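Letter by letter, the sequence shown follows residues 1 to 396 in UniProt numbering.
To start, the structure under review is shown below, and the notes come after it.
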Amino acid sequence: MAKSGLASRLYRGEAGLDIVGRRKLWFAVAGTLVLIAVLSFAVRGFSLGIEFAGGNSFQVPASVGTLEQAEEKVDAALAAKGGDAEVVTAQKVGSTSGEYYELRTSQLSPQQATDVKAEMAREFGINADQISGNQVSEAWGEQVTSRALLGLIIFVAVVAIYLILRFEWRMAVAAIVSLFMNLFLTAGIYSLVGFEVTPSTIIGFLTILGFALYDVVVVFDKVQENTRGITANNNQTYGEAANLALNQSLMRSLNTSVVALLPVGGLLFIGAGLLGAGTLKDLGLVLFVGMAVAFLTSILLATPLLVLLKNYDPRIQAHNKRVLARRGAIARGELAPKGAARAAEGGDESIDSDAAALAGVAPKVGARPVGKRATGARGGRPSGGGGNRPGGAKRR
């Protein structure tokens with residue numbers, strides 16, 4: 001018989017991935033990453049675009065040469081007329097009127113901007129009216145940030161209400177912590193690597209929240225299914241049932257993440273990288289990083305945190321103790337494993353009920369009553385009878 005695939009073994013809990021049991025490790029890793037992110041925020045900060053830091057933007061026709069040549073000539077014009085200003089970003093942009101290069105510089109005074117524009121026209125050998133420029137104030141970026149924070153607060157409030165109504169408050173807390181961890185780690189990556197933060201980046205941050213929430217809800221739905229009525233039996237602790245749910249939904253979460261990352265990767269690497277669509281770079285970058293981090297946080301953080309919170313519930317605590325007590329009794333030989341008594345030759349059917357009593361557990365609903373059957377009786381019928389015929393009647 002062919003061996004079962006990884007997906008099948010994960011679903012049956014046979015793959016041996018103890019994610020919840022190693023929650024202290026995941027919490028330690030998460031804490032370390034948060035510490036690194038905080039240090040990066042304090043030391044490196046963020047590479048802000050001109051919408052947030054302020055600056056000037058110049059557009060020149062793409063016919064002047066390659067993007068690298070255009071950037072070199074603008075740097076020369078800034079060195080001659082712009083003081084300490086320099087080119088911050090350069091990208092190729094297309095429009096209905098044709099393709100052009102957009103070069104963003106640090107802050108220039110109005111007189112410096114005029115002089116730099118004239119010097120750029122001389123460097124490129126074109127008329128000054130073919131170069132357009134404008135000044136961007138940091139106030140616009142501040143307005144975008146404040147609106148984004150307001151949207152984040154509203155989103156988190158709506159999500160919390162939904163999760164409490166759909167699941168419970170502990171799942172809502174675990175999911176929201178996972179969402180904020182996703183944002184925090186993504187921001188930490190931006191700070192460490194030095195990716196530029198633009199309004200498209202802020203929009204991307206809000207977009208990945210929906211994807212991260214979807215992944216967490218998929219896992220929590222399976223956790224709820226596996227743990228529904230768990231206190232009625234003594235086979236699994238809450239953590240073990242939640243870990244089984246993680247194993248069962250792991251391949252689905254992985255497939256969903258891969259399928260979501262493929263078009264985003266195409267947008268980033270092909271659209272922005274190969275085709276030079278610079279306007280797609282910022283949005284594609286934050287989506288790619290955020291979705292990858294969202295998959296990890298939904299698996300390694302959300303459910304282990306949920307189990308930690310549930311273990312503080314007195315009802316779950318009592319259930320976990322009963323499960324462990326039953327296993328201890330089995331290990332000491334005081335309790336026969338389920339079904340062992342029936343398999344033993346001449347075994348007494350009351351062993352299961354007695355063993356359950358040893359572990360402090362009531363027999364299952366629907367179990368047969370304890371006690372031996374009356375000698376010579378079958379199913380409660382008289383020993384000599386059969387059907388509706390009198391027991392002493394003989395066939396002719």
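Glycine included, C-beta positions come from ideal geometry on N, C-alpha and C.
Since we're looking at a predicted model, the values are computed, not measured.
Close CB contacts of residue 254 within its chain, under the 8 angstroms cut and outside five residues either way in sequence, are with 295 (chain order). Separation of the CB atoms of residue 167 and residue 220 is rounded to 6 angstroms, and the pair is thereby assigned contact status at 8 angstroms. Put simply, of 30, 82, 81, 70 the residue whose alpha carbon is nearest the alpha carbon of residue 91 is 70. For the 8 angstroms CB-CB criterion, residue 207 and residue 287 form a contact. Under the three-state reduction of DSSP output, residue 90 falls in the strand class. A check of alpha carbon separations from residue 250 across 231, 222, 121 identifies 222 as the nearest. The beta carbon of residue 135 lies closer than 7 angstroms to those of 56, 113 in the same chain, with the five residues before and after it left out. About 7 angstroms separates the CB atoms of residue 212 and residue 178; that is less than 8 angstroms, so the two are in contact. For residue 55, the three-state secondary structure derived from DSSP is strand. Non-local beta-carbon contacts of residue 82 in its own chain, meaning distances under 8 angstroms to residues more than five positions away in sequence, involve 105, 108, 112, 115, 116 in chain order.
CA-to-CA, the gap between residue 132 and residue 59 works out to about 5 angstroms. Under the DSSP definition of a beta bridge, residue 249 lacks any partner.
Counting along the chain, the unbroken beta strand (DSSP E) around residue 135 starts and ends at 132-136. Around the beta carbon of residue 143, fewer than 16 other beta carbons lie within 10 angstroms, which makes this residue exposed. In this structure the segment 37-46 does not lie against the segment 72-80, because fewer than three pairs of beta carbons, one per stretch, are closer than 8 angstroms. Measuring C-alpha to C-alpha distances from residue 209 to each of 185, 47, 120, 48 identifies 185 as the nearest. If you draw a straight line from the Cα of residue 26 to the Cα of residue 234, it is about 28 angstroms long. With respect to the 8 angstroms criterion, residue 264 and residue 284 are classified as neighbours on the basis of their beta carbons.
Taking 8 angstroms as the upper bound for CB-CB distance, residue 261 and residue 291 are in contact here, some 6 angstroms apart.
The Cβ atoms of residue 47 and residue 197 lie closer than 8 angstroms to each other. Excluding residues up to 5 positions away in sequence, 243 lie with their Cβ nearer than 8 angstroms to the Cβ of residue 18 in the same chain. Out of 297, 63, 120, 126, the CA that lies nearest to the CA of residue 87 is found in 120.
In terms of Cβ geometry, residue 175 and residue 165 do not form a close pair [threshold 8 angstroms].
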